[in-house]
Amino acid sequence: MENKLFVYNTLTRKKELFVPIKAPHVGMYVCGPTVYGDAHLGHARPAITFDLIFRYLRHLGYKVRYVRNITDVGHLENDADEGEDKIAKKARLEQLEPMEVVQYFTDRYHTAMDKLNVLKPSIEPRASGHIIEQIAMVKKIMNAGMGYESKGSVYFDVEKYNKTNNYGILSGRVVEDLLSNTRELEGQDEKRNSFDFALWKKAQPEHIMRWPSDWSDGFPGWHLECSAMSTKYLGDQFDIHGGGMDLLFPHHESEIAQSTVANHKTPAKYWLHNNMITINGQKMGKSLGNFIQLDEFFAGDHAALEKAYSPMTVRFFILQAHYRSPLDFSNEALLASEKGLQRLMKSIATIEKLVPSNSSTADVSALQAKCYEAMNDDFNSPILIAHLFDGSRIINSAFDKKESLTADDIGLLRNMMHSFVFDILGLLPETDPQEGNKVISNLMEIILDLRLEARTNKDWATSDRLRDALVKAGICIKDTKDGATWEVE
RNA sequence: GGUUUCGUGGCCGAGUGGUUAGGCAGCGGUCUGCAAAACCGUCUACAGCGGUUCGAAUCCGCUCGAAACCUCCA
26 MENKLFVYNT
36 LTRKKELFVP
46 IKAPHVGMYV
56 CGPTVYGDAH
66 LGHARPAITF
76 DLIFRYLRHL
86 GYKVRYVRNI
96 TDVGHLENDA
106 DEGEDKIAKK
116 ARLEQLEPME
126 VVQYFTDRYH
136 TAMDKLNVLK
146 PSIEPRASGH
156 IIEQIAMVKK
166 IMNAGMGYES
176 KGSVYFDVEK
186 YNKTNNYGIL
196 SGRVVEDLLS
206 NTRELEGQDE
216 KRNSFDFALW
226 KKAQPEHIMR
236 WPSDWSDGFP
246 GWHLECSAMS
256 TKYLGDQFDI
266 HGGGMDLLFP
276 HHESEIAQST
286 VANHKTPAKY
296 WLHNNMITIN
306 GQKMGKSLGN
316 FIQLDEFFAG
326 DHAALEKAYS
336 PMTVRFFILQ
346 AHYRSPLDFS
356 NEALLASEKG
366 LQRLMKSIAT
376 IEKLVPSNSS
386 TADVSALQAK
396 CYEAMNDDFN
406 SPILIAHLFD
416 GSRIINSAFD
426 KKESLTADDI
436 GLLRNMMHSF
446 VFDILGLLPE
456 TDPQEGNKVI
466 SNLMEIILDL
476 RLEARTNKDW
486 ATSDRLRDAL
496 VKAGICIKDT
506 KDGATWEVE
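Using the numbering used here, read the first sequence as starting at 26 and increasing by one per residue.
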């Protein structure tokens, strides 16, 4: 199909026509989670955002290699680069091996992502499995004269780099300002400048996660893994680098600096950043302690939640906002998403019941064009969803005989709704497993037959008694024109 | 303080110069023995002040307010 996809590039702060470096191949790298805790709502945003992008690029016919890493080493407790490794700290507290903690939370992350119908990336590399590549990269940077060793640790010389390059090209930071604005922190004496970042850190004796190197037994700096792994799997230059806006500086800025020095090329053509999810107007984050875990949403098990919200409700909630806008959590907003999603899904089921007419009163192909237009405009899922609701209205009206559709248009509409809702937005119909239970549906048929008999005899007392009893049993009866239906509450 | 960005109706959330966003809630209606559900229709807006323009929610300036980043966080 004709390429009209525009993406907002943080590097240029503009929407740009998406032209892959080597079509039809697309390389995409996204910063994944640090696995030292359960995934919360905030983690769902980049996962779903880049899942949407992954799905849409594939839909357009691109062959996408999507790399999303697991960070299992290198994140330090504070910027002084003196803190203990997050994974190691958790391990000591829990009396577990670090790799045991990593495995546990990685598995749980995967389970949560599966529930959200987030497709698995093509490659999911772990930082701990790429120590050799990271050491090699440090050496390249040292050979280029942009790194220096200090007490067994290696730091990136930001000031020197900035003389021939622009440290701030992505974030808009100015090195001179950084100098005057960086706070005094402990352990800065090893560095030439406070804004220099660690490429390699010497491990303290009690530090469990450590690897040998020319400089010391230690571990790689936390920006390095993404540079090393993106280079390894996508090459010196690739198409898309994604992540949360909070990683823009210093993480992504430093990645650009490292890769530029090591590979003599700027790593990614397009930098895409998703915005934050807020709660009461504040970023939902681990450090603030105001996060709600995904499992808590699914179980309704959190003080801030009035009820449980299904994975698809959470997914739809996120997709109803544009990925670059902040999204505020509230029960009201979740409830609205839940109802809206039901409406959308029910209309898709209704397509199968439509009776074709000789002519159409709705322009389905124009609607489909609008859907593509929305997605081509920087993956504007809320606009897409608005158009899909337009499709729902057409379907429902046609079912009510207020609109008419030809057999061709019904097919087109079915195809359009399925491909955008299921394939691109990645939403799934959520049927209650009980409803698919053969024994229960047989039982319900018997009960509804009895009730119909009572209703035919105008025996409202019996009819209502059955209905009330079923409600108490957790089953809701709906009387429609075409007879009664039921669903589990 | 610096960098980046934002302020839209009861709630969430699109939209960047003139033309309906959409969802939820509310209201009206259809259906129904009743109820619920479902469906259809529909009202309320663009932080404040000034400027540019024939015309601004949309561009510019100022004021007020908010957020992210500058320390680990998606």
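Every residue, glycine too, gets a C-beta built ideally from N, C-alpha and C. Everything numeric in this text was worked out from a predicted model, so none of it was measured.
Whole angstroms is fine: what's the gap from Ser2's alpha carbon to Pro292's? A query on residue 2 cannot be resolved here, the shown segment of the chain reaching from 26 to 514 and no further.
Determine the closest residue to Ser385 out of Ile376, Ala423 and Arg418, with distance taken between C-alpha atoms. Ala423
Helix, strand or coil for Arg239, going by three-state DSSP, please let me know. The identity of residue 239 in the sequence shown is Asp, whereas the question assumes Arg. Asp239 falls in the coil class under three-state DSSP.
State the start and end residues of the unbroken beta strand (DSSP E) segment that holds His50. His50 to Val55
Which whole-angstrom value describes the C-beta separation of Lys311 and Gly62, a residue pair presumed to lie in contact below a C-beta threshold of 8 Å? 7 Å
Indicate the three-state DSSP secondary structure (helix, strand or coil) for Lys257 in the structure shown. helix
DSSP on Thr386, reduced to helix/strand/coil? coil
Which same chain residues end up closer than 8 Å to Gly177 when comparing Cβ atoms and leaving out the 5 residues on each side of it in sequence? Lys227, Trp240, Ser241 and Gly243
Which word fits Asp489, buried or exposed, when buried means at least 16 other C-beta atoms lie within 10 angstroms of its C-beta? exposed
For a test of the three-state rule: what should DSSP assign to Ile419, helix, strand or coil? helix
If Ala152 sits next to Val92, beta carbons under 8 Å apart, how far is it from one beta carbon to the other, in whole angstroms? Not a contact, Cβ separation roughly 13 Å.
Rounding to the nearest angstrom, what Cα-Cα distance links Ser350 and Ile112 in this structure? 31 Å
Which class does Gln318 belong to by DSSP, given the choice of helix, strand or coil? strand
Cβ pair Asn190, Val200 closer than 8 Å: no
Going straight from the alpha carbon of Glu363 to that of Arg340, what length do you get? 10 Å
Given this structure, state the Cα-to-Cα distance separating Leu468 from Trp511, to the nearest angstrom. 12 Å
Once the 5 residues before and after Leu195 are set aside, which same chain residues still bring their CB inside 7 Å of it? Thr35, Leu36, Leu273, His277, Glu278, Ile281 and Trp296
Count the other CB atoms, across all protein chains shown, that sit within 10 Å of the CB of Trp485; report buried if there are 16 or more and exposed otherwise. exposed
Please return the same chain residues whose Cβ sits closer than 6 Å to the Cβ of Asp434, not counting the five positions on each side in sequence. Ser385 and Val389
Can you tell me which of Ile408, Phe263 and Gly499 puts its alpha carbon nearest to the alpha carbon of Arg90? Phe263
Measure the alpha-carbon distance for Asp106 versus Ala399 and round it to whole angstroms. Any reading at Asp106 needs caution, since the residue's pLDDT is 46, under 50, leaving its predicted position unreliable; the model's value is listed next. Going by the C-alpha atoms only, they are around 44 Å apart.
In this structure, does DSSP put Asn245 in helix, strand or coil? Sequence inspection shows Pro at residue 245; the Asn mentioned does not correspond to that position. Note: Pro245 maps to strand in three-state DSSP.
DSSP state of Ser219 mapped onto helix, strand, coil: coil
Per-residue burial, Asn299 [other beta carbons within 10 Å of its own, 16 or more giving buried]: buried
With 16 other Cβ atoms within 10 Å as the buried cut-off, status of Asn168: exposed
Report the rounded CA-to-CA distance for Leu477 versus Leu495, giving the unit in angstroms. 14 Å
Contact between the segment 48–61 and the segment 303–310: three or more CB pairs below 8 Å? no
Bridge partners for Ile95 per DSSP, in chain order? Arg151
Start and end residues, alpha helix (DSSP H) containing Asn19: Past the edges of the chain, shown from 26 to 514, lies residue 19, and the structure says nothing about it.
To which residues of the same chain is Leu313 closer than 6 Å at the C-beta, ignoring the five residues directly before and after it? none
Exposure label - Cys501; buried when at least 16 CB within 10 Å: exposed
Specify the secondary structure class of Phe404 as computed by DSSP and reduced to three states. coil
Would the C-beta of Phe220 count as close to the ligand MN, meaning under 7 Å from any of its heavy atoms? Judged by which ligands are present, the structure shown has none, so any question about the ligand MN falls away.
Please classify Asn383: is it buried, with 16 or more other beta-carbons within 10 angstroms of its beta-carbon, or exposed? exposed
CA-CA distance, Ile95 and Pro275? 19 Å
Between the CA atoms of Ile343 and Asp326 - distance to the nearest angstrom: 20 Å
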